[in-house]
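**Q** Just so we're aligned, residue 1 is where the sequence shown starts under UniProt numbering, counting upward by one.
This is the structure, below, for whatever I ask next.
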Amino acid sequence: MTDTSRILLVDDDAAIRTVVAQALRREGHAVQTVGTLGQLRAELRAGLPDVLVTDVVLPDGDGLEMAAKLNAEFPDLPIIVLSARNTLTTAVRATEAGAFDYLPKPFDLDTLALAVRGALARRSRGAEEQPVDAIDSSLPLIGRSPAMQDVYRVIARVVATDLTVLVTGESGTGKELVARAIHDLGRRRRAPFIALNMAAIPRELIEAELFGHERGAFTGAAQRSAGKFEQAAGGTLFLDEIGDMPMEAQTRLLRVLQSGEFTSVGGARVIRADVRIVAATNKTLAAQVQSGQFREDLFYRLNVVPIALPPLRERRQDVALLARHFLDQAARDGLPRKTLTPDAQELLEAHDWPGNVRELENLMRRVAVLGRDAAIEAGDLRGALGDTAGRTTAQPDADLGDAVRAWLRRVAREEPVAMEDGTLYDRLISDVERPLIEAMLDRHGNNQLRAAKAMGLNRNTLRKRLDELGIDPAVRAYHAEKER
Ligand SMILES: Nc1ncnc2c1ncn2[C@@H]1O[C@H](COP(=O)(O)OP(=O)(O)OP(=O)(O)O)[C@@H](O)[C@H]1O
Numbered sequence: 001m002t003d004t005s006r007i008l009l010v011d012d013d014a015a016i017r018t019v020v021a022q023a024l025r026r027e028g029h030a031v032q033t034v035g036t037l038g039q040l041r042a043e044l045r046a047g048l049p050d051v052l053v054t055d056v057v058l059p060d061g062d063g064l065e066m067a068a069k070l071n072a073e074f075p076d077l078p079i080i081v082l083s084a085r086n087t088l089t090t091a092v093r094a095t096e097a098g099a100f101d102y103l104p105k106p107f108d109l110d111t112l113a114l115a116v117r118g119a120l121a122r123r124s125r126g127a128e129e130q131p132v133d134a135i136d137s138s139l140p141l142i143g144r145s146p147a148m149q150d151v152y153r154v155i156a157r158v159v160a161t162d163l164t165v166l167v168t169g170e171s172g173t174g175k176e177l178v179a180r181a182i183h184d185l186g187r188r189r190r191a192p193f194i195a196l197n198m199a200a201i202p203r204e205l206i207e208a209e210l211f212g213h214e215r216g217a218f219t220g221a222a223q224r225s226a227g228k229f230e231q232a233a234g235g236t237l238f239l240d241e242i243g244d245m246p247m248e249a250q251t252r253l254l255r256v257l258q259s260g261e262f263t264s265v266g267g268a269r270v271i272r273a274d275v276r277i278v279a280a281t282n283k284t285l286a287a288q289v290q291s292g293q294f295r296e297d298l299f300y301r302l303n304v305v306p307i308a309l310p311p312l313r314e315r316r317q318d319v320a321l322l323a324r325h326f327l328d329q330a331a332r333d334g335l336p337r338k339t340l341t342p343d344a345q346e347l348l349e350a351h352d353w354p355g356n357v358r359e360l361e362n363l364m365r366r367v368a369v370l371g372r373d374a375a376i377e378a379g380d381l382r383g384a385l386g387d388t389a390g391r392t393t394a395q396p397d398a399d400l401g402d403a404v405r406a407w408l409r410r411v412a413r414e415e416p417v418a419m420e421d422g423t424l425y426d427r428l429i430s431d432v433e434r435p436l437i438e439a440m441l442d443r444h445g446n447n448q449l450r451a452a453k454a455m456g457l458n459r460n461t462l463r464k465r466l467d468e469l470g471i472d473p474a475v476r477a478y479h480a481e482k483e484r
């Protein structure tokens with residue numbers, strides 16, 4: 001049977017009109033094309049198509065604004081948006097405008113044909129998704145690679161829902177940032193975003209952390225304490241390193257997800273769990289299910305919308321963009337403004353980034369304070385890249401000396417060093433402190449008590465600094481174990 005659905009395409013690029021029309025006609029559709037919004041309006045007066053495919057930037061206006069208006073007037077008309085502005089913001093704006101799908105340019109014709117088929121199928125089922133209200137258009141995630149655009153499309157689709165999301169990817173690929181983007185762009189954004197890292201807390205305390213505990217529930221429980229589920233009420237609960245969750249806690253979490261209710265440890269009161277769950281792991285949960293370390297039923301409960309973040313080495317075209325973003329950020333924090341020479345950029349693009357975006361971010365922060373010149377040369381990076389090869393083991397001395405000496409030189413030359421904004425001192429201290437703490441943790445097998453003793457620090461002071469610096473001994477221990 002031939003499907004003679006009517007597809008209307010708006011694009012000012014004649015080549016795209018021709019190619020897309022051919023491809024969709026081969027699928028058996030009747031295709032009409034126009035180049036402007038004015039022509040689109042004229043076409044629509046003659047009758048609605050079954051699917052509208054529109055570009056964003058058109059000679060006489062914005063395709064997304066048009067899509068939003070059409071969506072309000074004809075909610076059953078599926079609209080597919082094509083865009084060369086490949087950012088998360090465009091993907092989310094397209095979804096807000098009520099678009100059925102969003103395809104970043106260049107797209108392949110099979111993907112478009114598939115999207116059209118999906119749109120037609122939805123049309124016959126009837127529309128049910130509601131667009132979200134307006135959002136702040138700052139850019140939470142950087143990257144324009146096709147792999148990241150797939151990620152943006154999934155995020156754009158889930159922000160308007162409460163569906164559970166499972167984010168997977170190597171360490172430092174941005175899993176927490178994705179969880180935050182889902183929260184910040186969604187309708188729960190005014191309520192709290194609460195994170196709990198399963199690898200960072202003692203196993204026996206996980207349930208109390210999640211569900212809270214009553215006074216006297218166990219030794220040391222002097223008062224009633226609200227758990228993360230309660231703290232996140234109305235918002236999002238981010239369960240990081242979910243693969244490290246002990247079995248008993250998995251069973252309890254599953255029950256909560258099934259019933260939507262929980263009781264605190266040692267408590268009788270039933271509390272409703274009004275949270276959106278985003279879980280993340282750098283392990284392969286499916287393999288953990290196979291080996292019996294992770295409950296299969298919980299895996300399916302969490303894996304409702306999977307988002308797999310690609311490692312940085314598989315999206316090298318994002319490296320320069322990210323590097324510039326981190327250098328800009330450093331400059332905004334009062335550090336010297338630096339740029340990359342083409343050679344330096346090439347070197348970064350060739351690196352394998354075992355620590356992913358986090359490794360690149362740390363490197364850019366370090367090179368921002370190295371050397372006198374505004375331009376970062378390949379030579380400046382070679383040593384530093386060597387240091388970070390393999391999982392980042394701190395090599396404090398060389399860097400540290402350089403960073404401090406660079407600042408002292410600036411002071412000696414009476415150059416402005418932007419002390420007044422207060423961040424410089426903190427950054428400098430953290431540049432000294434981080435490698436020191438990391439080296440001491442390494443030496444003492446990531447045991448906080450022993451590392452604190454060796455540094456002459458109180459254990460609580462060390463814990464506070466670890467929190468502030470975002471150093472996680474449990475995660476480090478895990479990586480150290482994996483590397484052995
Ligand atoms: N696409 C991105 N754009 C901008 N910054 C990013 C991006 N991805 C990651 N980052 C930055 O890299 C750092 C690491 O990201 P994040 O903590 O989200 O990674 P993760 O995958 O959760 O790591 P881990 O598994 O080690 O917890 C953060 O400082 C984050 O802001």
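Heads up, the beta-carbon is just placed ideally off N, CA and C, and yes, glycines get one too.
Considering just the uninterrupted stretch of the beta strand (DSSP E) at R276, what are its terminal residues?
**A** R276 to T281
**Q** Assuming contact is defined by CB atoms lying nearer than 8 Å, are D472 and A249 in contact in what I supplied?
**A** Contact flag unset, no.
**Q** Looking only at its own chain, which residues have a Cβ that is under 6 Å from the Cβ of E27, when we skip the five neighbours before and after it?
**A** A113
**Q** Does Y152 pass the burial test, meaning 16 or more other C-beta atoms within 10 Å, or should it be called exposed?
**A** buried
**Q** Does the distance from the C-beta atom of F262 to that of F211 stay below 8 Å?
**A** yes
**Q** Within 10 angstroms of the Cβ of P78, are there 16 or more other Cβ atoms? Answer buried if so, exposed if not.
**A** With 16 or more other Cβ atoms within 10 Å, it is buried.
**Q** By Cβ distance below 8 Å, which residues in the same chain neighbour P311 in space, the five residues on each side in sequence not counted?
**A** Excluding residues within five positions, the ones whose Cβ falls inside 8 Å are G169, E170, T173, W353 and N356.
**Q** Which runs of the alpha helix (DSSP H) spanning at least 4 residues fall entirely within the region 142-169, listed in chain order?
**A** Counting only runs of 4 or more, we get 146-158.
**Q** Closer than 7 Å: is that where the CB of D240 sits relative to any heavy atom of ligand 1?
**A** yes
**Q** Does at least one heavy atom of ligand 1 sit under 7 Å from the Cβ of S145?
**A** Every heavy atom of ligand 1 is 7 Å or more from the Cβ of S145, so no.
**Q** Taking the DSSP output, what are the residues bridged to E438?
**A** Looking at the DSSP assignment, E438 forms no beta bridge with any residue, so it has no partner.
**Q** Measuring from the CB of R358, is there a heavy atom of ligand 1 at a distance below 7 Å?
**A** Yes; taking the cut-off as 7 Å, the Cβ of R358 has a heavy atom of ligand 1 nearer than that.
**Q** Keeping to the same chain, check which residues put their C-beta closer than 6 Å to that of L302; ignore five residues upstream and five downstream.
**A** T164, L166 and A279
**Q** What are the partner residues of E261, as DSSP defines its beta bridges?
**A** R272
**Q** From L237 to L340, what does the alpha carbon distance come to, in whole angstroms?
**A** 38 Å
**Q** Check whether the region 214-232 and the region 174-184 are in contact - that is, three or more C-beta pairs closer than 8 Å.
**A** Touching, no, given that fewer than three Cβ pairs across the two stretches are closer than 8 Å.
**Q** Looking at C-alpha atoms only, which residue of L469, I7 and R443 is the closest neighbour of I429?
**A** L469
**Q** Hey, is A280 close to ligand 3, as in C-beta under 7 Å from one of its heavy atoms?
**A** Among the ligands present in this structure, namely ligand 1, ligand 3 is not found.
**Q** Using only the heavy atoms of ligand 1, determine whether one of them is closer than 7 Å to the beta carbon of K228.
**A** Every heavy atom of ligand 1 is 7 Å or more from the Cβ of K228, so no.
**Q** Roughly how many whole angstroms lie between the Cα atoms of R465 and L52?
**A** 54 Å
**Q** My assumption, with CB atoms under 8 Å, is that L196 sits in contact with E207. Please give the rounded CB distance.
**A** That belief does not hold up - the Cβ atoms of L196 and E207 are roughly 11 Å apart, past 8 Å.
**Q** Can T173 be considered in contact with ligand 1, in the sense that its beta carbon sits closer than 7 Å to one or more heavy atoms?
**A** Under cutoff, so the answer is yes.
**Q** Please report how far the alpha carbon of E481 lies from the alpha carbon of R463, in whole angstroms.
**A** 21 Å
**Q** Would you call the CB atoms of V31 and I7 closer than 8 Å?
**A** Cβ atoms of V31 and I7: closer than 8 Å.
**Q** Does the Cβ of V10 have 16 or more other Cβ atoms within 10 Å, making it buried, or fewer, making it exposed?
**A** buried
**Q** Can you tell which of P106, S83 and D76 has its C-alpha closest to the C-alpha of L120?
**A** D76
**Q** Considering only their Cβ atoms, is the gap separating P192 from A160 smaller than 8 Å?
**A** no
**Q** Please report how far the alpha carbon of R316 lies from the alpha carbon of K283, in whole angstroms.
**A** 23 Å
**Q** Going by DSSP, name the residue or residues bridged to Y102.
**A** According to DSSP, Y102 bridges with V81.
**Q** Going straight from the alpha carbon of Y102 to that of S83, what length do you get?
**A** 8 Å
**Q** From the DSSP output, which residues share a beta bridge with A30?
**A** R6
**Q** When you compare only the Cα positions, how much space is there between A46 and Q149?
**A** 35 Å
**Q** Assuming the contact rule is C-beta atoms closer than 8 Å, V56 and T90 should be a hit. Round their C-beta distance to whole Å, please.
**A** Contact holds; Cβ gap of about 7 Å.
**Q** I want to check one thing, is the minimum distance from the CB of I142 to the heavy atoms of ligand 1 below 7 Å?
**A** Relative to ligand 1, I142 has its C-beta within less than 7 Å of a heavy atom.
**Q** By how many angstroms is the C-alpha of A268 removed from the C-alpha of L239?
**A** 24 Å
**Q** Under the three-state reduction of DSSP, which class applies to D467: helix, strand or coil?
**A** In the structure shown, D467 sits in a helix (DSSP, three-state: H, G or I).
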